[in-house]
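Numbering follows numbering that gives the first Met the number 0, in which position 52 of the sequence shown is assigned residue number 51; successive positions increment by one, without gaps. Glycine included, C-beta positions come from ideal geometry on N, C-alpha and C. If you're wondering where the values come from, they're calculated on a predicted model, not measured in any experiment.
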Amino acid sequence: MPTYGAALIYKNQRIFSVGVVFFDLLLSESHNFSNTVTTYNVESGGIISDNIKNELESPTVSGLISNFSIRENIIDPEGVISQQTGLSDLTRIDRAQIAFEKIHAMWKLRTFVSVLTFYKLYTSVVITNISINNDADSGQGLVANFSFQEIKIVKLKTLDVSASVNLKDMKGSQNKQSALNLDLGKQVGVTR
0 MPTYGAALIY KNQRIFSVGV VFFDLLLSES HNFSNTVTTY NVESGGIISD NIKNELESPT
60 VSGLISNFSI RENIIDPEGV ISQQTGLSDL TRIDRAQIAF EKIHAMWKLR TFVSVLTFYK
120 LYTSVVITNI SINNDADSGQ GLVANFSFQE IKIVKLKTLD VSASVNLKDM KGSQNKQSAL
180 NLDLGKQVGV TR
């Protein structure tokens with residue numbers, strides 16, 4: 000798992016996010032790409048491999064949200080919090096608590112999120128696991144670890160199909176009857 004120094008992240012002024020949560024610092028990321036090879040045993044004892052299938056991508060991201068960020072506009076890029084609270088100084092806002100609530104809301108929604116990492120933007124992933132750590136090392140911040148799974152949605156396509164059946168010699172009385180010698184059970188008052 001690559002780990003980046005804070006100087007590298009802040010120097011580039013890159014923004015890293017999971018859905019509506021923007022990290023002050025991307026601590027680590029992992030991109031997992033795997034394939035499945037189909038194999039079949041044959042009578043001679045050999046194995047035939049004839050297909051390789053790409054598995055769905057499953058990235059992981061770990062990031063820090065601090066109460067004392069040098070990127071003040073990341074937690075409130077549209078100024079929504081400032082408008083609601085009347086505070087223009089965002090340093091008085093508990094950014095870690097706001098991030099925690101946003102993360103919890105994303106988890107409860109069970110929907111697609113976009114994940115922007117150092118190497119790739121994922122747009123069709125869902126959160127499979129979230130771990131939020133708070134210890135002496137995190138200080139007045141929040142360290143969140145996310146695991147994701149790529150999702151592929153297929154759409155059902157329906158087609159209208161018309162069919163016609165042409166039977167030979169439908170004019171004869173025997174061809175019009177479905178079953179001449181069918182056992183119809185006990186018949187009362189019917190003669191054949």
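Proximity winner among the options, relative to residue i (alpha-carbon distances)
i    : options                : result
S48  : P58, L55, T35          : T35
L63  : V41, I92, H103, F15    : F15
V114 : N53, S33, T37, V60     : V60
F145 : Q139, T157, A135, N128 : N128
N31  : D23, L55, L24, V41     : L55
S130 : W106, D159, S43        : W106
F67  : S43, R94, D159         : R94
Inter-residue spacing [alpha-carbon to alpha-carbon] between residue i and residue j
i    : j    : result
Y118 : S27  : 12 Å
V125 : F21  : 17 Å
E100 : V19  : 11 Å
T110 : K154 : 17 Å
I102 : N50  : 39 Å
I46  : G140 : 54 Å
R13  : G138 : 23 Å
A98  : A104 : 10 Å
S33  : V164 : 50 Å
A162 : I152 : 31 Å
Q96  : V41  : 60 Å
N53  : D134 : 39 Å
T157 : L120 : 33 Å
Residues that residue i bridges to, as DSSP identifies them
i    : result
G62  : L25, A143
T38  : S48
S16  : F21, L115
N133 : For N133, which the question treats as bridged, DSSP gives no partner whatsoever.
V124 : V112, E149
N53  : N34
Neighbour-count burial assignment, residue i, 16 or more Cβ in a 10 Å radius
i    : result
S65  : buried
T37  : exposed
Y39  : exposed
L108 : exposed
D23  : buried
T116 : buried
L25  : buried
Cβ distance (whole Å) where residue i is taken to contact residue j below 8 Å
i    : j    : result
S197 : Q148 : Only positions 0 to 191 of the chain appear in the structure, and residue 197 is not among them; the question remains open.
V17  : V112 : 6 Å
I92  : S123 : In fact, because the Cβ distance is near 32 Å, the residues do not count as touching under 8 Å.
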